[in-house]
Amino acid sequence: MKKQAVPLIILTIMLSCMHSRISLVEMKGILSTAIEESHEKTTINPDGPLNPLYGYIYHAAGYVHNKRFFSPEIKTDYTLRNIGNPDDVQISYEFNRKPAKDKACPVKDHSLNINQYLYEYHTQLIKMFPSPGEEINIAVGRNSSFTKFLRSENAKPYTAQILASLLLLSEGVNIPIGVSTINQQKMLILYNRDKTKVHFRINMRVITKIIDDTTCAYNLQGEAINIIKFFVKYKDTSILQEDRIQEPSSVEEFRSGKFLNTPRFLIQMYIHEFIDTEEDYIQLAKSIYTLLNESLDVLYMMDTTLESVNEIEHINDVLKKYFTVDLSHNHTNEYICDIEEFENILDTYAVCPFIHFSQLPVYTRVPMYIRKTSAFIENQIHYYSNCAETAILSLFFSLAYNPESRTYTTASMPNASSDLSWFFNEHSRYKQTINNKMHRDWCKVVADLPCENICYINNRNEIKSGIINFLYTVIEITGESTKTIKKLQKIVNDIKISPYINSYTEDKLTRYLNDLFKRLSCNKEVTVTCKNIKKSPENNQVDVFGIIEIKFSHNNIQGGIGLSFNKGHTYAYVLSSAVTFTLNDFNRVTALKNKYESIKKPVGYAIIEYITKQTDIFTMEEHLAAFIQKEQVQKIIKKGSTEINEIFVTAKISSVNYKIILVTNMLIWSITEELSQDHPVIRLVHNLLGSVPLHDQNTREEIFSALRYIKGVHQLYPNIDFPTGHSLGIECDTYELFCVFSCILDMDNPKVLLQCLCKYMTITNSACFDWNPLTTKTLSERIFNCIFSQRSINILNRLQMRMLTFWKHNPSVRNWVNLSWLIYACNDPNPSKEFILAVYKNIDLREYLPVQDSNIAGSTYTNALFTIMNMQKDFEEIEGLNHPKIRFKKVLQNARNILTYNR
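Letter by letter, the sequence shown follows residues 4 to 906 in my numbering.
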């Protein structure tokens, strides 16, 4: 980097760009402002792509977020490495994520022009949205970033014209902008249409650092050069249209998500992130209007050719699309007013700031914070998963929330720490983005606190899970009195002397929480309940695990959050996340839906999708929402891996739970394909895995659940240090195991199911898992009906051999499985005698099974008992069985006990 002398003029260098996006109120002002008034008042066409509402909706829906972080055309950079000792009981991992090293995947098939375009598109997407955190961001520390160039002294006066040129290029308008070498200097030049006039000439070497009063360091803006070249190169959109990459002309095309790959979407979203004032947006619109009319003036003066006629026609079409004349004020702002009305309806139900689980802060990875120096240690090895800290953040958002003003305040916490007060001064606005910066700011509140009662996992960072530890943290940062601390100490003493938590101690804890949270809460209509309180099994930690539920009430509307404390993990959830609209509100939302379903324009498609999905989010219970998400993902995957963009317009991919749904369903539904590192599903799953804190054991167990059923997983994901063996180094007795086999069953493919069951049995202790699919009622019968649809004795014998091999020390589990299969087979209206006899031979009951452990069948299986009794003679005549009469008696009695117990 060469140093050059500069005049003694103070040059302002924008080292970072903080942006506050344009509000709905400002958008009204933008759409009402005259862009040109010489003859008639010209304003921005509210139906056209210049309407800032597009950026607002697209950002809220997470479209560019999904594209940047999860596109299979991008390979996000991360590694998960085993850093523990071979003898460790629990494997330790180092997770290293480097967004600055994300790359577009190289083109393998050069026979299609569209592949080269997609490579270049995603390269520019990464450069324009570097996003060093976990939320979309255009600011980055690189000296050659596009945003730094636009904010530089060289380019700042011409920013509106540069962005206007790129937007018009994305519309196929021939704007003469490009980089040329003049006197050995790279210059960005914008000409008029016939290049007889220069609008600006910008030196592409800009100041990046002031060395002293007379010397600066310069840097060539290579990223900006390449971005501009991309838009110039692809102003001819014929390549895109071959692959139907175009602006949607129907709601079905909108839902396909293909428009996400257009240059216009790319620059539209960049403009949304970059421009943060009403004035700057109006200046952009004026620049666009000027460039279009200037092009027309020049073209009208040129000789008439077919090419010039077509170009004039195209520019006039763009003018009509972007601008309009003499619209009434009401119609100009109609769309924005409708979005305002819709969001105001939702906000009336915000008794707690979290109406729906998707609004909760999501735990992430944060660096270690040293309070003495007020600094973070940025070395990746010192990052940790902040699940407990994020749960506490969810609580404080709820306590500090004022449902009247819809803001956050610490007014009810008069002795709050200076860091806590500072945090809510910085983050006082309701419905703000919970990003990486906010997580770091929260670290400054709760990390490395001096209170000795607070237990941390590592160097006074990473708060240990536990209700008592959580309460010490709350007391410390709110400055509660000595009296409050002494009350808590009495509860701790009660816990110490008792081997378990009795009802007296639980009631005492509940009363304590109610008193504490009512004092601290801005909304005094708050009640707290405790559930499943259990003493910590660790001898060196006096603490309890369980659930705390905090319910708020306001204007007869209720809401709240729950906090779940488990060994090694804490998380928050929303209580009764489904909102029930009043009849009036239901009618208002329905009227808005009906209105926009009939508007056959891109803005109508965007608004109806936004209203419909937001309504679904807030009116659907979490388990139902998860089921719908699973159905949507499976429907998309069935269409083939070329339709993956459809996933990106379905929902914002942010919560860990949704990422698990995506990983599970995409992998399982692709299990029959030839998978390689270049397969779109494998690439997408790679990016999904890298977006969660993989060094956290709970997260790994949940999101890795489907990986063990995929062939060659070590080769597919070489950046993940999987241990050798069948279980990938993790236990899998989680709800996600149920989800995996539920997904496998949805495929209705007996061959795949058999393959996955055989792999499952190889996992250590899999016979005894609570979520063993062969002993879980909702799965076991579905498995039986799928895998034995043809009542194949060969398949039966194969599974028996697997169970005898891998579950040889679990005869009771084998008997449960075989007894359930006997009941299902005998309950068939047309039972197969041969198959039933084959199943019966595998049952070797020497004792009565405990019926309280049974959930395999219920009272609806009456045919089974009759069939078993009618086949007594056949069973007793099977050759080679010891004590046939006693065996039959035990089988019949166990079957009868099960069916009676589950009546």
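Backbone N, C-alpha and C fix where the C-beta goes; we use that ideal spot for every residue, glycine too. Treat the numbers as computed from the prediction; the structure is a model and nothing was measured.
Of all alpha-carbon atoms in Glu337, Ile550, Lys780 and Lys440, the one lying nearest the alpha-carbon of Ile602 is that of Glu337.
Residue range Ile560 to Asn569 is occupied by the beta strand (DSSP E) that includes Gly563. Under the three-state reduction of DSSP, Gln127 is assigned to helix. Under the three-state reduction of DSSP, Tyr237 is assigned to coil, being neither helix nor strand. Residues Ser644, Met669 and Ser673 of the same chain have their beta carbon placed closer than 6 Å to that of Val684, with the five preceding and five following residues left out of the count. The beta carbons of Val176 and Ile77 sit no closer together than 8 Å. Burial state of Gln119 is exposed, judged by a 10 Å Cβ sphere holding fewer than 16 other Cβ atoms. The straight-line gap separating the alpha-carbon atoms of Ala37 and Lys44 is approximately 6 Å. Sixteen is the threshold: when 16 or more other Cβ atoms of the shown chains lie within 10 Å of the Cβ of Thr335, as they do, the residue is buried.
In the same chain as Val842, and ignoring 5 residues on each side of it, the C-beta atoms closer than 7 Å to its own belong to Leu799, Asn821, Trp824, Leu825 and Ala828, in chain order.
Secondary structure note for His317: its alpha helix (DSSP H) is the uninterrupted segment Leu309 to Tyr325. For Ile480, there is no enclosing beta strand (DSSP E); the residue is part of the alpha helix (DSSP H) that begins and ends at Ile470 to Thr481. Taking every protein chain shown into account, the CB of Ala103 has fewer than 16 other CB atoms within 10 angstroms, so this residue is exposed.
By the CB criterion at 8 Å, Leu172 and Phe234 fall inside the cutoff. Under the DSSP assignment, Leu193 falls in the beta strand (DSSP E) whose first and last residues are Gln188 to Tyr194. Inter-residue distance for Lys490 and Tyr515 is about 8 Å (C-alpha atoms, whole angstroms).
Secondary structure of Gly181 (DSSP, three-state): strand. The three-state secondary structure of Phe741, taken from DSSP, is helix. With respect to the 8 Å criterion, Phe326 and Asn48 are classified as neighbours on the basis of their beta carbons. Contact between the region 140 to 160 and the region 273 to 288 is present, with at least three C-beta pairs closer than 8 Å. Of all alpha-carbon atoms in Lys159, Pro887, Asn535 and Gln896, the one lying nearest the alpha-carbon of Leu287 is that of Lys159.
The alpha-carbon of Tyr712 is positioned some 6 Å away from that of Cys759. Counted as a single uninterrupted DSSP element, the stretch harbouring Val842 is not any beta strand (DSSP E) but the alpha helix (DSSP H) occupying residues Lys836 to Lys844. When secondary structure is reduced to three states using DSSP, Met750 falls in the coil class, being assigned neither helix nor strand. Beta-bridge pairing by DSSP links Lys537 to Phe548.
Annotated three-state conformation of Val716 is helix, per DSSP.
In this structure, Glu137 and Asn439 form a Cβ contact; the two beta carbons are roughly 5 Å apart against a cut-off of 8 Å.
For Cys219, the three-state secondary structure derived from DSSP is strand. The beta carbons of Ile553 and Val531 sit closer together than 8 Å. With a threshold of 16 other beta carbon atoms within 10 Å, Gly87 falls short and is exposed. If you check the CB distance, Cys746 and Ile647 do not come in under 8 Å. The continuous stretches of beta strand (DSSP E) do not include Asn389, and DSSP gives it neither H nor E.
In this structure, the alpha-carbon of Pro133 lies about 10 Å from that of Arg145. Rounded to the nearest angstrom, the Cβ distance from Ala575 to Ala419 is 20 Å, too far for a contact under 8 Å. Taking a contact as a CB-CB distance under 8 Å, the pair Asp877 and Lys844 does not count as one, their CB atoms being some 11 Å apart.
For the 8 Å CB-CB criterion, Met764 and Met804 do not form a contact.
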